[in-house]
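Let me begin by presenting the structure, written as structure tokens, before commenting on it.
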Amino acid sequence: MKKDLISIKDLSGDEIKAIFDLTTQLKKDKANFNKALAGKTLALIFQKPSNRTRVSFEVGMYQLGGNSIYLSPEEINLGVRESIDDVAKTLSRYVQAIVLRTFEHKNCLKMARGASVAVINGLSDFSHPCQALADLYTVQEKLKTLKNITLAYVGDGNNVCNSLLFICAKLGVNMNLGCPKGFEPDKIVLKESIALAKKNQASINLYNNPKLAVKDVDVIYTDVWASMGQEKEAAARKKRFKNFQVNKNLVKLAKKSVLIMHCLPAHL
Ligand code: NVA
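First residue of the sequence shown? That's 14 in the working numbering, and the numbers climb one at a time after it.
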């Protein structure tokens with residue numbers, strides 16, 4: 014049966030740990046994996062700009078012996094030139110997996126429903142699971158453990174924040190949120206991740222004050238204040254988020270060894 018990755022919720026904590034173990038093996042011994050995806054093709058459908066996600070998938074496929082095909086927004090014109098369901102069914106006859114970067118999250122769900130091959134969410138307005146996987150792997154690599162650590166997310170409770178909430182909850186990593194009022198993460202995501210975290214002996218705390226969120230934490234994570242598609246709100250958001258800037262004054266409240274992370278691109 015195919016397995017999609019639309020949300021971090023699609024993976025159990027053990028599956029995430031297995032992905033991390035495989036990543037460690039692969040990084041140590043690339044040569045042994047250079048035929049792992051031989052004969053396999055990945056389709057990349059991107060409706061939004063991408064640097065890291067696209068390059069990671071394309072280089073990854075190449076290094077693992079497979080192949081990728083990038084399909085630009087103009088070429089596919091998803092839902093206009095052809096329905097998502099038709100694109101899903103057609104591509105399923107050619108490729109072994111599809112990555113979709115899109116605006117509305119429901120497009121990912123539609124693609125997954127229509128495709129008989131695996132569909133991976135390469136970012137939607139609601140979540141960015143691949144980003145969260147790479148981030149928590151990096152935290153583990155840098156800190157050598159994910160036990161008894163706290164990650165503070167400062168800024169907009171957006172797609173990246175939603176995925177970080179789920180992955181921290183699944184891996185038992187404590188998370189503090191420092192978001193302005195009205196820019197907190199999705200209510201359901203928050204409720205579900207708090208419950209999940211509890212099961213894994215971790216806690217999630219929401220503050221509207223960034224100073225409280227970063228106190229003594231191991232990691233500070235932030236993102237842009239206006240995400241892709243919100244360009245028109247940029248000026249208003251700049252005012253609203255001005256006290257949520259990750260600067261020297263904020264960083265000095267965290268542990269001395271704090272890691273600073275940003276999913277990039279970084280711009281005001
Ligand atoms: N919040 C960002 C994530 C970029 C990787 C966006 O959706 O624009």
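C-beta atoms are modelled at their ideal positions from N, C-alpha and C, and glycine is treated no differently.
- CA nearest to the CA of residue 86, picked from 76, 100, 257 and 122: The shortest Cα separation from residue 86 among 76, 100, 257 and 122 belongs to 100.
Item checked: Cβ-Cβ distance between residue 180 and residue 19 below 7 Å -> No, they are not a contact pair.
| task | Could you check which residue in 143, 213 and 124 has the C-alpha nearest to that of residue 69? | result | Measuring C-alpha to C-alpha distances from residue 69 to each of 143, 213 and 124 identifies 143 as the nearest.
Note to self: Is the separation between the beta-carbon of residue 146 and that of residue 190 shorter than 7 Å?
What the structure shows: Note that the C-beta distance between residue 146 and residue 190 is not below 7 Å.
With distances taken Cα to Cα, identify the nearest neighbour of residue 3 among 177, 39 and 57. Nothing about residue 3 can be read from this structure; the chain reaches only from 14 to 281.
Inset, instruction - Measuring alpha carbon to alpha carbon, tell me which of 278, 226 and 201 ends up nearest residue 239. - result: Of the listed residues, the one whose Cα sits closest to residue 239 is 278.
Starting from the C-beta of residue 28, find all residues in its chain whose C-beta is less than 7 Å away, skip the five residues before and the five after it, and write them out in chain order.
Taking C-beta separations shorter than 7 Å and ignoring five residues to either side along the sequence, residue 28 has no partners in its chain.
Does ligand 1 have a heavy atom nearer than 6 Å to the CB of residue 236? Relative to ligand 1, residue 236 has its C-beta within less than 6 Å of a heavy atom.
Is residue 63 near ligand 1, in the sense that its beta carbon is under 6 Å from a heavy atom of that ligand? No, ligand 1 has no heavy atom inside 6 Å of this Cβ.
Extent of the continuous alpha helix (DSSP H) to which residue 72 belongs
Unbroken alpha helix (DSSP H) run through residue 72: 65 to 76.
### Task
Would you check whether ligand 1 has a heavy atom nearer than 6 Å to the C-beta of residue 171?
Answer for residue 171: yes, Cβ within range of ligand 1.
- Task: Could you check which residue in 122, 128, 270 and 234 has the C-alpha nearest to that of residue 56?
- Result: Comparing alpha carbon positions, the residue from 122, 128, 270 and 234 closest to residue 56 is 128.
- Item | Buried versus exposed call for residue 234 [16 or more other C-beta atoms within 10 Å across all chains shown] | Buried is the call here.
Nearer than 6 Å: is that true of the beta carbon of residue 240 relative to any heavy atom of ligand 1? At least one heavy atom of ligand 1 lies less than 6 Å from the C-beta of residue 240.
Same chain, Cβ closer than 8 Å to residue 80, neighbours up to 5 away in sequence not counted: Within its own chain, the residues whose Cβ lies closer than 8 Å to the Cβ of residue 80, once the five positions on either side in sequence are excluded, are 53, 54, 55 and 74, listed in chain order.
Rounded distance between the beta-carbons of residue 33 and residue 150, thought under 8 Å: The Cβ separation is near 5 Å, so the contact holds.
- request: Would you check if the distance between the CB atom of residue 159 and the CB atom of residue 184 is smaller than 7 Å?
  value: One thing to note: residue 159 has its Cβ within 7 Å of the Cβ of residue 184.
If you reduce the DSSP assignment to three classes, tell me which class residue 244 lands in.
The DSSP-derived three-state label of residue 244 is helix.
Any heavy atom of ligand 3 inside 6 Å of the beta-carbon of residue 192? This structure lacks ligand 3; its bound ligands are ligand 1.
Buried or exposed: which applies to residue 114, given that a residue is buried once 16 or more other Cβ atoms fall within 10 Å of its Cβ? Within a 10 Å sphere around the beta-carbon of residue 114 sit 16 or more other beta-carbons, which makes this residue buried.
With a threshold of 6 Å (Cβ to nearest heavy atom), would residue 276 be considered close to ligand 1? Yes; taking the cut-off as 6 Å, the Cβ of residue 276 has a heavy atom of ligand 1 nearer than that.
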